[in-house]
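Undergrad: This structure is in structure tokens; I'll ask about it shortly.
Protein chains in written order, with this note's numbering: chain U, 2 to 315; chain B, 2 to 315; chain W, 2 to 315; chain V, 2 to 315.
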């Protein structure tokens, strides 16, 4: 029996490239869906054991829809993260040349990332916004009943792997402005089993500040800094009820099995019970977490034993 | 002689509604442009004295393109902020009924904000992404050479004011899911003159953490908290050079003419010289800033006078 | 069978007045000793179940010898504190008048506390330092083999209760300069049983800063402040090995059975394992400890249960 | 014309040894007085340009009477500090042997420092408390009208230099228990001229916590720690009005001419206006003050210039 993994399809997307890195998913069923909400819906409904979703981009930052979904859909957990380098090619129907291109279909984020090249190479182009790069690229090949092209676009921005799946012509390669662009993907499930600690882990949570202590973000963040815990990501997202109210997405270095992380989580919870634990999981870069020895598990255990000893005597 | 103000047009946009709130702009030239970059470009090039741009939305959070532009284009200053309540209507060519609607043109952000209503009222609709709501609405009225509709959309999501300018039929009103939605706009200029302190002010800045002290965000934020300065906004945006490196957009309550703000700014600068002062300006809500008396100007002046007195004696 | 309590005697001392406040000591054996070291020695050797010693004076501060003994003698615990108002009378052999007084015997601390009155009433007096006020007062009544007064003093400073025990003449009352003077006494034992929490408790400890982080006192004290724990006493005492190295005597509001105190103690221990828990015991003033509700036991338990729940699922 | 310097005499005291280290005092008039109060009284009254007083002892800690005098006598300033190693000899009238010694005269502090040796060598001795070691030693040589010794003591504890001035026999040398004992002396004046910064300086102050924020000691101390300023001494002394109210004596590394120190002093003053600046002066050990470069004068000046630039433009 096989497990099903949902991902933003169709084949050839960066999300699929991320899914290829998920060891447990190899040889299983891969279910291509059309957006992050659908992928997470599969997981919640049990149609899939897990979904791969983009959560952060080195150029554009946090993926809002992913962050908002993780904050508001109960029971989701991140159990892995994967990095995929981002690059783009300009594709068209076979036979098309660069000089033929007037209208370019592209997801707004991809379009923005290729601005420099587009303005230089095709200064007079028009942009046709698309909700999926791969989808708009494949639409270039579709025809209507009369045999005319279904899309009004002449070309599309797509990941290089597109040509593994579709018979498209590559008009230009490496058109992304920032060659170091990378996207971070999360493997999301509803299982509450936490991946074992590896010494190179990350813990994610989402928290709202208590309403009666607005502006006390620093106090919440100090729960980590006073325990020697490094924060690798802090993003804010509007809660949506009124301007100025935010929830915060926080990634810290370490695993909930680490004493200092468990202690910091308790500190955060005491500060605000509106906190969602998103998971502890191995870092994609496998870099061991460094921290001051005074926050080690051994030191925590000794301190707890000391106080327990004092209390047990009475 | 009149001054020119740039804004995201065409007439009928929320940005135009914000510009209507700018007292100095009344009776001046209003220049409609097609995106935020163009608006700021006008200001930098001197084609306009100021531009109004959306910078934060109560549903979607910070406007990334605005934040990134303010962070990277030198010499920009915010001199005012304005709030515009957001609501949407569904418009179509006169004669169209709701039952006729299959394809809906909308900017992805507006589309996302109307999901609930759309799924209930038009479960089988298709979405045609647009780069401008007003523009896609007006395109409903355009015809090609053959006299056929130029747009493949049947309807568009647009601000209610659209009907003041165009002959469109309103198929549904109040279709936004969150009736309290509001967008914050900034009036941006290149003048370094800082608006006078009003007692109800906000100060905005953008800062990068020093590279050699990654993760020290808390320490930077403490520059404000230890001086009794409340932070009303903290957003992070990727710097773009590598995953995990961010700059932070910070709004705090108070004016650079307030001693505690000037002192906190110095503290931030000592922490990181990669800091951009975006301006001090009156808060849109005109709520006076409250703070502990021990951080008042008088207390600051007394303390400075005390130390100055000690030093002058020697 | 009776228990023995050691105290700085002889009868009539302020320490005896403190011992009178110790409920458990009523009807037991009271053993008068000549100094604090002897009193604590009785406790350590098992000759007494407890000792009452002066530990703080509202005029002179911490009693160094008591603090140093508590820091260096292992196994001592404070189980109660008692306040005794301090006042002094000037006593002499019956028949002596104020005009006859030239030399005044007094412990240096008592002498210092009566400076104002002495300089006004007896400007030409001499001071004979004594190691015990009551003892030097009683010596006024002793005679040598020849029948001459054994003491060269004409008068002595003593507590008012001296005349309950000895046939001395009171030359002047209320001679202490500060009428509000009060001394704090501790009931010290070697039992590790901690008095039950009363809601109006104090916890005492003595800690050394780690040698490799000199100057980090603030960081240690933050273990309390970040948990809403108020510190009512902070005294430093030289460790003695080199100038500038101190240990710190700390009293905080609360009981080790309070979650926030137990948590803070763990924090201190992680910071420095050179910490001595001196005890949790009812405050002499019986004032309930006030603290922010977010540091309540319930909040601590909820936070711990939350993290425990997360961990148990994995 | 010569200047007068007051010190705790008579000749041979440790204070005199400290005065010998004061360069400006060489060849001037040295005025021996009998206690610290008298020495400071000379300075206040203008009888002396400065006084040398003991302020801290590596064994016994802060000298309470000195700390209280500096806190309560207005207008005093410390302009130098000096370290004197402490050692003691046991002296007696010529002809006396150790076996003859029954009663030993000694200041209680000196007596306490020699406990170990005394208990080992003279277990059956009696202690005659004295207000001055040197004085009680010299009294050994005095005789009354009948030619009998004026003192009932057989021996006295005194500094080794005593034999440079008096014809006393040394019965034992090096009798202090801690061979590393050292006392810190301050040179005190009423001049408000602050000694020039040397890069190896210390700044002393005395502060009371504001009455309405009891327990906020940590917040005051953070004024230093958040500016990278190391605190080398923190002592508390009762204010005297009620138990539990203290003032704090603070020594920090650095000079008021250092930007970070001046800034920290302003922070302290904003926190509590009940603060006394006792002076900035060269450290006795001449060790250069080390601090993080980000708190350097240059960084402070740049930050101030940045904000000044922003303000001047408006």
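Built from N, CA and C at the ideal position, the CB exists for glycine as well.
Can you tell me whether residue 133 of chain U is helix, strand or coil according to DSSP?
TA: Walking along the first chain from the start, residue 133 of chain U turns up at place 132. Three-state DSSP puts residue 133 of chain U in coil, outside helix and strand.
Undergrad: I want to verify the contact list: residues of chain W whose CB lies under 7 Å from the CB of residue 251 of chain V, in sequence order.
TA: Residue 251 of chain V sits at position 250 when you count from the first residue of the fourth chain. Under the 7 Å cutoff, chain W gives no residues; its nearest Cβ is about 10 Å from residue 251 of chain V.
Undergrad: What do you reckon, are the CB atoms on residue 125 of chain V and residue 167 of chain V nearer than 8 Å?
TA: Position 124 of the fourth chain, counted from the start, is the residue given in the question as residue 125 of chain V. Position 166 of the fourth chain, counted from the start, is the residue given in the question as residue 167 of chain V. No; because the gap between Cβ atoms is not below 8 Å, this pair is not in contact.
Undergrad: May I have the straight-line CA-CA distance separating residue 48 of chain V from residue 114 of chain W, to the nearest angstrom?
TA: Here residue 48 of chain V refers to the residue found at position 47 of the fourth chain. Here residue 114 of chain W refers to the residue found at position 113 of the third chain. When rounded, the distance between both Cα atoms is 27 Å.
Undergrad: Rounded to the nearest angstrom, how far is the Cβ of residue 50 of chain V from that of residue 101 of chain V, given a contact under 8 Å?
TA: The sequence position of residue 50 of chain V within the fourth chain is 49, counting from 1. The sequence position of residue 101 of chain V within the fourth chain is 100, counting from 1. The Cβ separation is near 45 Å, so there is no contact.
Undergrad: Is residue 336 of chain U close to chain B? Criterion is C-beta to C-beta, closer than 8 Å.
TA: The question about residue 336 of chain U has no answer here: the residues shown for chain U are numbered 2 through 315.
Undergrad: Using a beta-carbon distance cut-off of less than 7 Å, what residues from the segment 175-188 of chain V approach chain W?
TA: Answer in chain order: 179, 181, 183, 185.
Undergrad: Assuming residue 42 of chain B is part of the beta strand (DSSP E), what are its boundary residues?
TA: For the purposes of this step, residue 42 of chain B is taken as residue 41 along the second chain, with counting starting at 1. First-last for residue 42 of chain B: 37-46, but that is the alpha helix (DSSP H), not the beta strand (DSSP E).
Undergrad: Reducing DSSP to helix, strand and coil, say where residue 295 of chain V ends up.
TA: Sequence index remark: in the fourth chain, residue 295 of chain V carries index 294 (1-based). Note: residue 295 of chain V maps to helix in three-state DSSP.
Undergrad: Are the CB atoms of residue 72 of chain U and residue 41 of chain U within a distance shorter than 8 Å?
TA: Translated into the one-based positions of the first chain, residue 41 of chain U becomes position 40. Translated into the one-based positions of the first chain, residue 72 of chain U becomes position 71. Not closer than 8 Å, so no.
Undergrad: Determine which residues share a DSSP beta bridge with residue 31 of chain B and list them.
TA: As a first step, residue 31 of chain B must be located in the second chain, where it is residue number 30. Answer by DSSP bridge pairing, in chain order: B/6.
Undergrad: May I ask which residues mark the beginning and end of the alpha helix (DSSP H) holding residue 112 of chain B?
TA: Looking up residue 112 of chain B in the second chain gives position 111. Per DSSP, residue 112 of chain B belongs to the alpha helix (DSSP H) from 109-114.
Undergrad: For the pair the segment 276-287 of chain W and the segment 302-315 of chain W, tell me if three or more CB-CB distances fall below 8 Å.
TA: With a cut-off of 8 Å, the segment 302-315 of chain W and the segment 276-287 of chain W do not count as touching, because too few Cβ pairs lie within range.
Undergrad: Counting only beta-carbon atoms, is residue 43 of chain U nearer than 8 Å to chain B?
TA: Translated into positions along the first chain, residue 43 of chain U becomes position 42. Not closer than 8 Å to any Cβ of chain B, the Cβ of residue 43 of chain U fails to qualify, so no.
Undergrad: Run through the DSSP bridge pairs and tell me what residue 104 of chain V is partnered with.
TA: Locating residue 104 of chain V in the fourth chain gives position 103, counting from the first residue. DSSP, once it has assigned bridges, lists V/127 as partnering residue 104 of chain V.
Undergrad: Rounded to the nearest angstrom, what separates residue 87 of chain B and residue 21 of chain B at their Cα positions?
TA: In the second chain, residue 87 of chain B corresponds to position 86, counting from 1. In the second chain, residue 21 of chain B corresponds to position 20, counting from 1. Between residue 87 of chain B and residue 21 of chain B, the C-alpha separation is close to 15 Å.
Undergrad: Using a Cβ-Cβ distance under 8 Å, would residue 126 of chain W count as near chain V?
TA: Within the third chain, the letter at position 125 stands for residue 126 of chain W. With 8 Å as the cut-off, residue 126 of chain W does not count as an interface residue toward chain V.
Undergrad: Check whether chain U comes within 8 Å of residue 209 of chain W, counting only Cβ atoms and requiring the distance to be less than that.
TA: Residue mapping note: residue 209 of chain W aligns to position 208 of the third chain, counting from 1. Not closer than 8 Å to any Cβ of chain U, the Cβ of residue 209 of chain W fails to qualify, so no.
Undergrad: Do you know offhand how far residue 99 of chain W's Cα is from residue 52 of chain W's?
TA: Along the third chain, read from residue 1 onward, the residue named residue 99 of chain W stands at position 98. Along the third chain, read from residue 1 onward, the residue named residue 52 of chain W stands at position 51. Cα to Cα, residue 99 of chain W sits roughly 37 Å from residue 52 of chain W.
Undergrad: Measure from the C-beta of residue 278 of chain V to each C-beta in chain B and report whether the shortest distance is under 8 Å.
TA: Along the fourth chain, read from residue 1 onward, the residue named residue 278 of chain V stands at position 277. At least one chain B Cβ lies under 8 Å of residue 278 of chain V.
Undergrad: If you drop the 5 nearest sequence neighbours on each side, which residues of the same chain put their C-beta closer than 6 Å to that of residue 59 of chain W?
TA: For the purposes of this step, residue 59 of chain W is identified with residue 58 of the third chain, where counting begins at 1. Closer than 6 Å at the Cβ level, and outside the excluded window around residue 59 of chain W, lie 182, 183.
Undergrad: Consider the Cβ of residue 31 of chain V: report whether some Cβ of chain B lies at a distance smaller than 8 Å.
TA: Taking the first residue of the fourth chain as 1, we reach residue 31 of chain V at position 30. Not one chain B Cβ lies under 8 Å of residue 31 of chain V.
Undergrad: With DSSP as the reference, label residue 58 of chain V as helix, strand or coil.
TA: Working through the fourth chain from its first residue, we reach residue 58 of chain V at position 57. Strand at residue 58 of chain V.
Undergrad: Nearest chain B C-beta to residue 60 of chain U closer than 8 Å, yes or no?
TA: The count along the first chain starts at 1 and reaches residue 60 of chain U at position 59. Residue 60 of chain U counts as touching chain B.
Undergrad: Can you list, in chain order, the residues of the segment 293-314 of chain U whose Cβ is nearer than 8 Å to any Cβ on chain W?
TA: So the close ones are 295, 296, 300, 301, 303, 304, 305, 307, 308, 311, 312, 314.
Undergrad: By alpha-carbon positions, which one of W/110, W/273, W/238, W/264 ends up nearest to residue 57 of chain V?
TA: As a working mapping, residue 57 of chain V is identified with position 56 in the fourth chain. It is W/238 whose Cα lies nearest to the Cα of residue 57 of chain V.
Undergrad: Considering only the alpha carbon of each residue, which of B/229, B/29, B/176, B/23 lies closest to residue 2 of chain B?
TA: If you number the second chain from 1, residue 2 of chain B lands on position 1. Ranking the options by Cα distance to residue 2 of chain B, first place goes to B/29.
Undergrad: Taking buried to mean at least 16 other C-beta atoms within 10 Å of its own C-beta, is residue 212 of chain U buried or exposed?
TA: Indexing the first chain from 1 puts residue 212 of chain U at position 211. Classification of residue 212 of chain U: exposed, given that the 10 Å Cβ count is below 16.
Undergrad: Quick check: the Cα distance between residue 169 of chain B and residue 147 of chain B, rounded to an integer number of angstroms?
TA: The residue given as residue 169 of chain B occupies position 168 in the second chain. The residue given as residue 147 of chain B occupies position 146 in the second chain. Each residue's Cα considered, the two are about 21 Å apart.
Undergrad: List the endpoints of the continuous beta strand (DSSP E) containing residue 278 of chain V.
TA: Counting from 1 along the fourth chain, the entry for residue 278 of chain V is found at position 277. Per DSSP, residue 278 of chain V belongs to the beta strand (DSSP E) from 276-283.
Undergrad: If I follow the unbroken beta strand (DSSP E) through residue 188 of chain B, where does it start and stop?
TA: Taking the second chain and counting its residues from 1, the one referred to as residue 188 of chain B is at position 187. Start and end: 183-190.
Undergrad: Exposed or buried, what is residue 144 of chain B when buried is set at 16 or more other beta-carbons lying within 10 Å of its beta-carbon?
TA: For the purposes of this step, residue 144 of chain B is taken as residue 143 along the second chain, with counting starting at 1. With fewer than 16 other Cβ atoms within 10 Å, it is exposed.
Undergrad: Using DSSP with H/G/I as helix, E/B as strand and the rest coil, what is residue 78 of chain V?
TA: On the fourth chain, residue 78 of chain V is found 77 positions in, with the first residue counted as 1. Here residue 78 of chain V sits in strand by DSSP.
Undergrad: Got a sec, what are the start and stop residues for the alpha helix (DSSP H) residue 261 of chain U sits in?
TA: As a working note, residue 261 of chain U is residue 260 in the first chain. Taken as a continuous stretch (DSSP letters only), the alpha helix (DSSP H) holding residue 261 of chain U covers 260-272.
Undergrad: Starting from the beta carbon of residue 263 of chain V, find every residue of chain B whose beta carbon is closer than 8 Å, and list them in chain order.
TA: Indexing the fourth chain from 1 puts residue 263 of chain V at position 262. 308, 312, listed in chain order.
Undergrad: Assuming the contact rule is C-beta atoms closer than 8 Å, residue 105 of chain V and residue 158 of chain V should be a hit. Round their C-beta distance to whole Å, please.
TA: Your numbering for residue 105 of chain V matches position 104 in the fourth chain. Your numbering for residue 158 of chain V matches position 157 in the fourth chain. Yes, residue 105 of chain V and residue 158 of chain V are in contact; Cβ-Cβ is about 7 Å, under 8 Å.
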